Amino acid sequence: MKVVFSGGGTGGHIYPALATIETWQKQDPTLDVLYIGGERGLEKEIVPAAGLAFKALAIQGFVRSLSLENARTIYLFLTATHKAKQLLKAFQPDVVIGTGGYVSGPVLYAAQQLKIPTVLHEQNSVVGVTNKFLARHVTKVGVAFPAALKEFKPGLAEVVGNPRAQQVVAGENEARFDVTTLGLQPKVPTVLIFGGSQGAPRINKAVAEAIQQFNGRPYQVIFATGKKRFGDVQAWLQEKQVTVAPNVAIVPYIADMPHLMPHVDVVVGRAGATSLAEQTALGKAMVLIPSPYVTNDHQTKNAQSLVAVGAAEMITEAFLTGTTLFATVDHLMTDPKYRENMAMMSQQLGVRDAADEFIKLIKSTVK
């Protein structure tokens, strides 16, 4: 079988594709894959490093204000669609899959014009502009969140979860992470707080303000600041003469996150689609602090969809302080029944075999 995947710009669009490909190649070693990405996105490095055939298109997104740059965007879309058609005619795929980002637009559009079956994956609870446009003509849509179903015409979309979650679940039974390397104790309730690999200044500031309150509580705190922001946090704590108790570990980054997760009871962080897919698949109670700096405010909408069913609590950045953060986390960590109920609701939203489910959906479109 020959398949084309297209998605890029950010890891949130790339990793679901790679997770699907990895699982599919294990099921079918003869699977022939071509990945079409953008010239400037992360995919141009990540995809070839994964050993996959890669072709690049020049593409960019629309500027939301009136701008001559949008004329260039339209021109690039048309030329990218033409090049995508040439690539598809040469490769002759059975199906084309888009996982989001600007580059998936011309690729899926070209496939639709060539009458090739097309499948779209929507990672967020709210559908982006590109995917709304493409959904008019795709064969099928797989969504990560049930809340997204209502944005597509009846029968077009199915809940398949986020394929990245299946990789994380695979590491669940290999809980090799030794928390004693962080100076913490095994089998003590633990909360992990992080703002992504780069760290988030507002989250870091709130956690730093709350350290003295976390000190000595009957649970443990792992605070990952982000590599570039570790020094800033340490400098702030020294300036304010804040001591850090043995139940609190402050680290720049957790390289082996999948193997740490089985040791963690509550996760505090952003509400990106991939992170939520991973946490719900593992059934983690969550305190979500959505980034207000993302397109269409989709992280807030992702978080709200979990809060609505009792799978998480949310603190917006506007209300984020050391006091509000500590109060929310402390309530969860000192009320095991509340925490366990939240974890149960989280797990009900998770799709542990998401890659398998997405592959089934893709195969159903091929005659």
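Here this note's numbering is used: the first residue of the sequence shown is 698, the next is one more, and so on.
Cβ atoms here follow ideal geometry from the backbone N, Cα and C, with glycine treated the same way.
Being a predicted model, the structure only gives us computed values, none of them experimental.
Environment of residue i [buried if 16+ CB atoms lie within 10 Å]
| i | result |
| --- | --- |
| Arg873 | exposed |
| His818 | buried |
| Asn993 | exposed |
| Tyr772 | exposed |
| Tyr712 | buried |
| Met983 | buried |
| Tyr806 | buried |
| Glu936 | exposed |
| Lys981 | buried |
| Val964 | buried |
| Arg967 | buried |
| Ala1015 | exposed |
| Lys837 | buried |
| Pro883 | exposed |
| Thr971 | buried |
| Tyr799 | buried |
| Gly880 | exposed |
| Asp1032 | exposed |
| Ala1000 | buried |
| His834 | exposed |
| Met1039 | buried |
| Asp962 | buried |
Same chain, Cβ closer than 6 Å to residue i, neighbours up to 5 away in sequence not counted
| i | result |
| --- | --- |
| Val823 | His995 and Lys998 |
| Pro803 | Phe774, Ala777, Thr778 and Ala781 |
| Gly1056 | First, the residue type needs correcting, since residue 1056 is Ile and not Gly in the sequence shown. Trp721. |
| Gln1067 | Because the chain is modelled from 698 through 1064, residue 1067 falls outside the range shown and cannot be assessed. |
| Val700 | Val730, Pro790 and Val792 |
| Leu651 | Here the chain comprises residues numbered 698 to 1064, so residue 651 is not present and cannot be evaluated. |
| Asp1036 | According to the sequence displayed, residue 1036 carries Arg and not Asp. Ala982 and Leu1029. |
| Asn901 | Thr922, Arg926 and Val930 |
| Ser1002 | Ser822, Phe842 and Ala844 |
| Ala862 | Ala974, Glu975, Ala978 and Ala1051 |
| Phe891 | Ala921 and Gly966 |
| Ile951 | Ala921 and Leu957 |
| Phe849 | Ala832 and Val838 |
Identified DSSP bridge partners for residue i
| i | result |
| --- | --- |
| Lys699 | Asp729 |
| Ala854 | Val838 |
| Gly795 | Ser703 and Leu817 |
| Val888 | Val918 and Val963 |
Cut-off 7 Å between Cβ atoms - residues of its own chain near residue i, not counting five sequence neighbours on either side
| i | result |
| --- | --- |
| Asn828 | Gly797, Leu817 and Glu819 |
| Ile1059 | Val792, Ile794 and Val816 |
| Gly868 | Pro955 and His956 |
| Leu715 | Ala747 |
Nearest-angstrom Cβ-Cβ length linking residue i and residue j, presumed shorter than 8 Å
| i | j | result |
| --- | --- | --- |
| Gly735 | Gly706 | 6 Å |
| Ile718 | Leu784 | In fact, because the Cβ distance is near 17 Å, the residues do not count as touching under 8 Å. |
| Val948 | Val918 | Not really, about 11 Å apart at Cβ, beyond 8 Å. |
| Val1048 | Gly858 | 2 Å |
| Gln909 | Val939 | 6 Å |
Same chain, Cβ closer than 8 Å to residue i, neighbours up to 5 away in sequence not counted
| i | result |
| --- | --- |
| Ala845 | Glu819, Asn821, Ser822, Val823, Val824 and Ala854 |
| Leu1017 | Arg899, Ile900, Ala903 and Ile986 |
Any chain D beta carbon closer than 9 Å to residue i
| i | result |
| --- | --- |
| Val941 | Checking the listed chains, one finds no chain D in this structure; it contains a single protein chain. |
Open item on the list: Which complete beta strand (DSSP E) runs does the region 719-784 hold, if anything under 3 residues is left out?
Closed with: 729-735 and 750-754
Open item on the list: In chain order, what are the residue ranges of uninterrupted alpha helix (DSSP H) at least 4 long that sit wholly in the region 945-975?
Closed with: 954-957
- [ ] Let me know the beta strand (DSSP E) ranges lying completely inside the region 890-945, each 3 residues or longer, listed in chain order.
- [x] 917-921
- [ ] Taking only runs that begin and end inside the region 977-1027, name each unbroken beta strand (DSSP E) of 3 or more residues, in chain order.
- [x] 982-985 and 1009-1011
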